[in-house]
Amino acid sequence: MGDGLQTITALTGATFRAAAFLTRLSISCRHFEGHGRMASVQSPEKPAVGNPLTDAGNAVAPAATALGEEKPLPDEPAPYRLGDDAHAFPLVGLIAAAPAALLLLVLPALGLSPLACGILALAALVAMTGALHEDGLADVADGLGGHHRRERALDIMHDSRVGSYGAIALVLSLGLRAALLAELCAARPLAAALALLAASAASRGAMAAFWGRTPPATGTGLAARAGQPARDKAMASLAIGAAMAVGLALPFASLPSVAAAIALPALALLLFRSFVIRRIGGQTGDCLGAAQQLCEIAVLIGLAMGA
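All residue numbers for the sequence shown refer to this note's numbering, where the first residue is -3 and numbers rise by one.
(1) Following the continuous alpha helix (DSSP H) through Phe268, name the residue where it begins and the one where it ends.
(2) Would DSSP call Gln304 helix, strand or coil?
(3) Where does Ala212 fall in DSSP's three states?
(4) Taking the C-alpha atoms as reference points, what is the distance between Ala84 and Arg146?
(5) So, does the stretch 272 to 283 touch the stretch 149 to 166, judging by three or more C-beta pairs under 8 Å?
(6) Across which residues does DSSP place Gln279 in a beta bridge pair?
(7) Assuming contact is defined by CB atoms lying nearer than 8 Å, are Leu263 and Ala194 in contact in what I supplied?
(8) Helix, strand or coil for Met301, going by three-state DSSP, please let me know.
(9) Output the distance between the C-alpha atoms of Ile304 and Gly302, rounded to the nearest integer angstrom.
(10) For Ala59, count neighbouring C-beta atoms within 10 Å of its own C-beta (all shown protein chains included) and say buried if the count is 16 or more, exposed if not.
(11) Ala294 by DSSP, collapsed to three states: which one?
(12) Could you work out which residue in Ile115, Leu234, Pro86, Lys229 is closest to Val167 when comparing CA atoms only?
(13) Pull up the CB-CB distance for Leu265 and Ala202, whole angstroms please, since I reckon it's below 8 Å.
(14) Using a Cβ-Cβ cutoff of less than 8 Å, which residues in the same chain neighbour Glu130 once the five nearest sequence positions on both sides are dropped?
(15) Would you mind reading off the limits of the alpha helix (DSSP H) that contains Ser233?
(16) Run through DSSP, which three-state label would Tyr161 get?
(17) Where Ala191 and Val242 are concerned, what is the direct C-alpha to C-alpha distance, given to the nearest angstrom?
(18) Which term fits Ala105, buried or exposed, when burial requires 16 or more other beta carbons within 10 angstroms of its beta carbon?
(19) Which class does Phe248 belong to by DSSP, given the choice of helix, strand or coil?
(20) Note down, in chain order, each residue of its chain lying with its Cβ closer than 7 Å to the Cβ of Cys181, except the 5 sequence neighbours on either side.
(21) If the criterion is Cβ atoms closer than 8 Å, does the pair Ala96 and Ala120 meet it?
(22) Assuming Arg200 and Gly89 are in contact, meaning their beta carbons sit under 8 Å apart, how far apart are those beta carbons, in whole angstroms?
(23) Determine whether the beta carbon atoms of Leu177 and Ile297 lie at a separation below 8 Å.
(24) Going by the beta-carbon positions, is the gap between Arg274 and Phe206 smaller than 8 Å?
(25) How would you call Ala163, buried or exposed, if buried means at least 16 neighbouring beta carbons within 10 angstroms?
(26) Express the C-alpha separation of Arg227 and Ala239 in angstroms, rounding to a whole number.
(27) Hey, would you say Gly208 sits closer than 8 Å to Pro225, going by beta carbons?
(28) Tell whether a beta-carbon distance below 8 Å holds between Ala230 and Ala204.
(29) Under the assumption that Thr125 contacts Ala82 (Cβ atoms under 8 Å), give the Cβ distance between them as a whole number of angstroms.
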């Protein structure tokens, strides 16, 4: 009993330490971004904007999020390793998705269509994360979407502008997730809410595993300096996220659908890991955001199969 309480206390502490760190980092990044102060490593063409994936609002910002490769940094970075609290990432995913899940329960009762409910819930989720997961996906799509050499691909990923590949990736990600949530909401609003919570938790656990098990492409990005998670932390985050997803999905989904919701993101993560290692030699903060997006979509696809 005592050991269990100690574990819960430690996990809760890890969640709020990471949340507090990224709240401070997010506020600093936005302030310095507005004044043009950037990190020391920048694109030769344009100051870089990366994506510290913050997953919460002003009170509790997202902890388990992908970190931007070239975000502006605070004057005095805290001597804190976010990777040490990677096992808390799935809990932060639940916090980030909670308002959106609530909307999926309330809006259908107000007479809104399933598609409108899905779009509004997704808008709430994006607002909670600051669209920083999506920013990472867009940067990766721009940098790795063409047949660029490694250094050129990294330069493009560091650029704050969104190109055609990035725009297409954003449209596909937002459109597909909204459609999947709408399909689930049409079947049962509670199913849509639980599915979104499951996808948010599982995708952040998968992101932590990707971060911990993939070598950094460079040693200068914020993702590298935030402290790559140790193997046990990364795999614990993956296991916690998967367990949360299963527990949230079982009340409404069939066993084959739950199995698909676990297998599909695992496959997507393995393929994406192989791809980034081959193209740029490892992961960056933008890659973490893209990994989270891919896994969130994959979980929703799996759960929607049984809707």
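Every residue, glycine too, gets a C-beta built ideally from N, C-alpha and C.
Per the coordinate set shown:
(1) 251 to 276
(2) Shown here, the chain extends from -3 to 303; a query on residue 304 therefore has no answer.
(3) The sequence shown places Pro at residue 212, rather than the Ala named in the question. In this structure, Pro212 counts as strand in the three-state DSSP scheme.
(4) Ala84 and Arg146 have their C-alpha atoms roughly 32 Å apart.
(5) yes
(6) As DSSP reads the structure, Gln279 sits in a beta bridge with Pro212.
(7) no
(8) Coil, per DSSP.
(9) Residue 304 is absent from the model: the chain starts at -3 and stops at 303.
(10) Residue placement at Ala59 is poorly supported in this model, since its pLDDT is 44, which falls under 50; the coordinates still yield a value, given next. When all chains shown are included, Ala59 counts as buried.
(11) helix
(12) Ile115
(13) 5 Å
(14) Val122, Leu166, Ser169, Leu170, Gly285, Gln289
(15) 227 to 245
(16) helix
(17) 10 Å
(18) exposed
(19) Looking at Phe248 - three-state DSSP - the assignment turns out to be coil, as it is neither helix nor strand.
(20) Leu100, Pro104, Pro110, Cys113, Gly114, Ala188
(21) yes
(22) 4 Å
(23) no
(24) Result no, Cβ atoms of Arg274 and Phe206 do not sit closer than 8 Å.
(25) exposed
(26) 18 Å
(27) yes
(28) yes
(29) Going by Cβ atoms, the distance from Thr125 to Ala82 rounds to 17 Å, so no, they are not a contact pair.
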